[in-house]
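Undergrad: Below you will find the structure I want to go over with you.
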Amino acid sequence: MKNNEIVIFSVSKTITQRIMNVLIERKLDVPVYEFRYSDVLDKANEMIQSGAKIIISRGGTAALLRNNISIPVIEIAHDFHGVYRILQQAKIKSQKIAAVGFPQFCNALRHYQNMTNEEFKICQVYNHN
Numbered sequence: 090m091k092n093n094e095i096v097i098f099s100v101s102k103t104i105t106q107r108i109m110n111v112l113i114e115r116k117l118d119v120p121v122y123e124f125r126y127s128d129v130l131d132k133a134n135e136m137i138q139s140g141a142k143i144i145i146s147r148g149g150t151a152a153l154l155r156n157n158i159s160i161p162v163i164e165i166a167h168d169f170h171g172v173y174r175i176l177q178q179a180k181i182k183s184q185k186i187a188a189v190g191f192p193q194f195c196n197a198l199r200h201y202q203n204m205t206n207e208e209f210k211i212c213q214v215y216n217h218n
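For the sequence shown, my numbering gives the first residue as 90, with consecutive numbering after it.
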């Protein structure tokens, strides 16, 4: 594994690809690692032992890291454009929509609902088990 002070963790191919696109556009050389959620803490500790000083991640993964490791964790926030895009993709399949996510994502979904008055079910989870 690369020896970098800043690393990015993802648990989703979609998020990994979006992160990679941003890094390429901005000509940044920051390693991105895609792990299963259950492996995140072990991998984070390996990265810390290898010299990582900051981990960038998203949502429930960022919360897990923040609560269990000693170095700073920067969270990639959920935004309205992302919520809008997800909902538009879902509406292609069905008008009955339910979104499942960790608290940070669900908070963004609720805020989106309050601003747009769109109706969809929100199911909050707290872990991958």
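The beta-carbon is built from N, C-alpha and C at its ideal position, and this holds for glycine as well.
Taking only the alpha-carbon atoms, compute the straight-line gap between Y173 and I211 and give it to the nearest angstrom.
TA: To locate residue 173, count along the sequence shown from 1; it is residue 84. To locate residue 211, count along the sequence shown from 1; it is residue 122. C-alpha separation (whole angstroms): 14 Å.
Undergrad: According to the Cβ coordinates, are I145 and I158 closer than 8 Å?
TA: Here residue 145 is taken as the residue at index 56 of the sequence shown, counted from 1. Here residue 158 is taken as the residue at index 69 of the sequence shown, counted from 1. No, these two residues do not count as a Cβ contact at 8 Å.
Undergrad: Evaluate Q193 with the Cβ neighbour count: other Cβ atoms within 10 Å of its Cβ, from every protein chain shown; 16 or more gives buried, anything less gives exposed.
TA: Looking up residue 193 in the sequence shown gives position 104. Buried, since its Cβ has 16 or more Cβ neighbours within 10 Å.
Undergrad: Beta-carbon separation of V129 and F169 under 8 Å?
TA: Looking up residue 129 in the sequence shown gives position 40. Looking up residue 169 in the sequence shown gives position 80. No. Outside cutoff.
Undergrad: In chain order, what residues of the same chain have a beta carbon less than 6 Å from the beta carbon of S101, not counting five sequence neighbours either side?
TA: In the sequence shown, the residue the question calls residue 101 occupies position 12. Answer for S101: no residue qualifies.
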